[in-house]
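To get my numbering, take the position in the sequence shown, counting from 1, and add 651.
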Amino acid sequence: MTKTTSQQGMLHRLFPFLAWLKGYQISSFRSDALAGVTVAVVLIPQAMAYAMLAGLPPVYGLYAAAVTPLIGALWGSLRQLATGPIAIMSLLVLTTLTPMAEPGSKEFIELAFLLSFMVGILYIVIGVFRMGLVMSFISHSAVKGFTAAAALIIIATQLPHFLGLSASRHEYVLPRLVEIAKGLPDLHISTAAVGLLAIGLIFGVQKLRKTLPAGLIALVAATIAIVVFELHLKGVAIIGKVPGGLAHPMVPPLNFEIISSLLGPAVVIALVSFAETYSVGKAISSQTKQKVDVDQEFIGQGLANLIGSFFQSYPVSGSFSRTAINFATGAKTGVSSVISSLSVILALLFLTPLFTYIPKAALAALVISAVLMLFHPKEVFVLWKKNRHDGIVAVTVFVLALLTKPDYALLIGVMISLMFFLWKTMHPRIVRITKDPELNMFVNADTYDKPSCPQILQLRSDNAIYFANAEYTIEHLLERLDEQKTPVRFLLLNFEVVGFIDITGTDELRVLLDELKLQEVRLAFLSVHLPVKQVFESSGLLEQLNTEHMFERRETAIATLFQDIDHEYCKTECPYELFRECSTVK
652 MTKTTSQQGM LHRLFPFLAW LKGYQISSFR SDALAGVTVA VVLIPQAMAY
702 AMLAGLPPVY GLYAAAVTPL IGALWGSLRQ LATGPIAIMS LLVLTTLTPM
752 AEPGSKEFIE LAFLLSFMVG ILYIVIGVFR MGLVMSFISH SAVKGFTAAA
802 ALIIIATQLP HFLGLSASRH EYVLPRLVEI AKGLPDLHIS TAAVGLLAIG
852 LIFGVQKLRK TLPAGLIALV AATIAIVVFE LHLKGVAIIG KVPGGLAHPM
902 VPPLNFEIIS SLLGPAVVIA LVSFAETYSV GKAISSQTKQ KVDVDQEFIG
952 QGLANLIGSF FQSYPVSGSF SRTAINFATG AKTGVSSVIS SLSVILALLF
1002 LTPLFTYIPK AALAALVISA VLMLFHPKEV FVLWKKNRHD GIVAVTVFVL
1052 ALLTKPDYAL LIGVMISLMF FLWKTMHPRI VRITKDPELN MFVNADTYDK
1102 PSCPQILQLR SDNAIYFANA EYTIEHLLER LDEQKTPVRF LLLNFEVVGF
1152 IDITGTDELR VLLDELKLQE VRLAFLSVHL PVKQVFESSG LLEQLNTEHM
1202 FERRETAIAT LFQDIDHEYC KTECPYELFR ECSTVK
């Protein structure tokens, strides 16, 4: 029985979709089929538009959309997650590969496949070795600043297509904006009219009824206008003939030199894209009550990118908008994404002639309308009001992403977030604790401006004690002791917040012991957690401490220490009566 259970567990680990496919019902298929087709209607035009954003011919967006939704759904943990091309990932592909090859060239396209291969490998390694906690290093403030800037950068890349301007490729967004501004007098009127028609229809249809496929309606209307008025003969750019049929399987070019140069960007792209996937997963799982297995989701997204790279796909991720549509239209399982993939495959096999006259201006309008949902600069400045450190990170990432490459900006934002975190842990708050007789409870003496016992000084460190803050912590404890103008007999350290201490911390506690001996003050501990006590023991510090002065309960600590203080001082000098024991000597 145990062996069978173990085998089933391994089987579900390798093929997680078996868990929900086992009890699949026909009623669920109806919901999944409707959701899958609805998502495909949005996915097909978006995939072509995002491929164009990535510097690739539109058909490569369809190749990505044909394979990756199916793989991501079957091997991921969230059943409604819609995997495929997304705007931010497409932007990062463009900015990463542009310095290495001309967008749209054969070399550029092959590099995109290699990038997908590398992202897939990274995801799978993180998932298999259960390192999903790596996502914790990307702060929400850095992501907010990044997405707001990315929205502006994406819009800037689409404006030449939208307005019919000729603009050279730029690695940074500001030179591109300057060139666009200079070229505005020469904009192509017909192209701009098509772009405005498309974006007007998108927002108009969305306002009229959100459930309608606004992007598809806009593309159809713009394409009809191109054909009826023969605008493609008057200079309006169209995507041209789209190759029919499925992508031919191929192995990405595995060049070690190129792989080493792409490794850094691949890590950034992997983390950024998964940050969106994770956000989508958390948002949907809060409503479906599904448990998001981060490591399994890494595996699902990794396999989608890895397998997709062999079918001419560029890097993909979970889409917020399409996942929301998938969930809203009643998707129950990953079958909905399977149907989306099959719908794209059918489109590649039979419908590509209909794509020939789709104007690039309309695809640009589709991208612009989609990323405007990401542009929330107000959130960046709200963060500044809520928390200054988070605000600094968000604003820094936002500005740097516009001045430099967005992936660099995000890395810098992550580093700044970690520096702020380290700064906080390096300077822990040392709190003086006392008892308030009126409330009959122990309180923060500094906050409530309450006196403490002249002979028993209670201090609490509000952080772990480790190599980066150990010296500061001990120095601060001694400073708080020196502030006391009374004959302190005991320093009672409250360790209820100290969940970790390293060897540097124990070494600094020895320094504290030596200093206290010189001042004839004895050291006592309260609420020392077992892991900390084990470090005390393994480091030999426990042998130097008086174990009788290590207490679990505060009442016991006060009662015991009170016996060894100067009761004559209590009677004649001390103006306070803080503890129950005080009345016995007054």
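Virtual Cβ for every residue (Gly too), placed ideally from N, Cα, C.
| Per the contact definition of three or more C-beta pairs closer than 8 Å, is the region 715-729 in contact with the region 1003-1019? | These segments do not touch.
| query | Residues bridged to Val1094 by DSSP? | reply | Thr1085
| field | Delimiting residues of the beta strand (DSSP E) encompassing Phe1141 | value | Phe1141 to Asn1145
| Where Asp1041 and Phe1118 are concerned, what is the direct C-alpha to C-alpha distance, given to the nearest angstrom? | 25 Å
| field | DSSP bridge partner residues for Thr734 (one or two, in chain order) | value | Gly969
| message | If I follow the unbroken alpha helix (DSSP H) through Asp888, where does it start and stop? | response | The amino acid occupying residue 888 in the given sequence is Ala; Asp does not appear at that position. Segment: none, Ala888 is in no alpha helix (DSSP H) and carries neither H nor E.
| Closest residue to Tyr774 among Ser924, Phe1001, Ser1190 and Leu685 (Cα-Cα distance) | Ser924
| request: Within the same chain, show all residues whose beta-carbon is closer than 7 Å to that of His1027, passing over the 5 residues directly before and after it, in chain order. | output: Ala799
| Counting only runs that start and end within the region 947-1018, where is the alpha helix (DSSP H) found for 4 or more residues in a row? | Complete alpha helix (DSSP H) runs here, min 4: 971-979 and 986-1001.
| task | Using three-state DSSP, classify Met641 as helix, strand or coil. | result | Outside the modelled stretch of the chain, which goes from 652 to 1237, sits residue 641, for which no answer is possible.
| query | What is the DSSP secondary structure of Arg1111, counted as helix, strand or coil? | reply | Strand at Arg1111.
| said: Quick check on Ala1175: does DSSP put it in helix, strand or coil? | reply: strand
| message | In whole angstroms, give me the CA-to-CA distance for Leu914 and Ile920. | response | 10 Å
| Leu1073 to Asn1120, Cα distance in whole Å? | 9 Å
| request: In angstroms with no decimal places, state the Cα-to-Cα distance between Ala865 and Ala1013. | output: 12 Å
| If we count the other Cβ atoms within 10 Å of its Cβ and call it buried at 16 or more, is Lys1056 buried or exposed? | When all chains shown are included, Lys1056 counts as buried.
| request: Please confirm if the region 729-748 is in contact with the region 929-937, defined as three or more CB-CB distances below 8 Å between the two stretches. | output: With the cut-off at 8 Å, the region 729-748 and the region 929-937 touch.
| request: Find the nearest neighbour of Ile890 within the set Gln1185, Pro1088 and Ile1009, judged by alpha-carbon distance. | output: Ile1009
| task | Spell out the partners DSSP gives Phe1202 in its beta bridges. | result | Leu1177
| Quick one: what's got a C-beta closer than 7 Å to Thr980's C-beta in the same chain, skipping five residues either side? | Cβ within range, chain order: Leu685, Ala686 and Thr689.
| request: Would you mind reading off the limits of the alpha helix (DSSP H) that contains Gln697? | output: Ile677 to Leu704
| said: Quick check: Ala716 and Ala698, are their CB atoms within less than 8 Å of each other? | reply: Yes, they are a contact pair.
| task | Could you tell me the distance, in whole angstroms, from the CA atom of Leu694 to the CA atom of Pro709? | result | Taking the straight line from one Cα to the other gives about 12 Å.
| request: Taking 8 Å as the cut-off, decide whether the C-beta atoms of Val770 and Asn977 are in contact. | output: Not closer than 8 Å, so no.
| Three-state secondary structure (DSSP) at Ile1116? | strand
| query | Whose CA, out of Ser728, Val785 and Lys861, lies closest to the CA of Pro939? | reply | A small fix is needed here, since residue 939 is Thr in this sequence, not Pro. Thr939 has its Cα closest to that of Ser728, out of Ser728, Val785 and Lys861.
| query | Alpha carbon to alpha carbon, what distance is there between Phe813 and Ala832? | reply | Ala832 and Phe813: Cα-Cα distance of roughly 14 Å.
| message | Between the alpha carbons of Val887 and Phe666, how many angstroms are there, rounded? | response | Rounded to whole angstroms, Val887 and Phe666 show a C-alpha spacing of 48 Å.
| query | Val1082: which of Phe1146, Val1048 and Ile1063 sits nearest, CA to CA? | reply | Phe1146
| task | On the DSSP bridge assignment, give the partners of Ile853 in chain order. | result | DSSP output for Ile853 lists no bridge partner at all.
| query | So the alpha helix (DSSP H) Tyr1123 belongs to, where does it begin and stop? | reply | Ala1121 to Asp1133
| field | Chain-order list of residues whose beta-carbon lies under 6 Å from that of Thr1137 (same chain, five-residue window excluded) | value | Pro1105
| message | Taking the beta carbon of Ile777 as the centre, do at least 16 other beta carbons fall within 10 Å, making it buried, or is it exposed? | response | Classification for Ile777: buried.
| task | Using three-state DSSP, classify Ile909 as helix, strand or coil. | result | helix
| Once you ignore the five residues that flank Met652 on each side, which residues in its own chain have a CB closer than 7 Å to its CB? | Confidence is the limiting factor: at Met652 the pLDDT is only 45, short of 50, which leaves the residue's position unreliable, though a coordinate-based value still follows. Correct list: empty, nothing qualifies.
| DSSP three-state call for Ile935: helix, strand or coil? | helix
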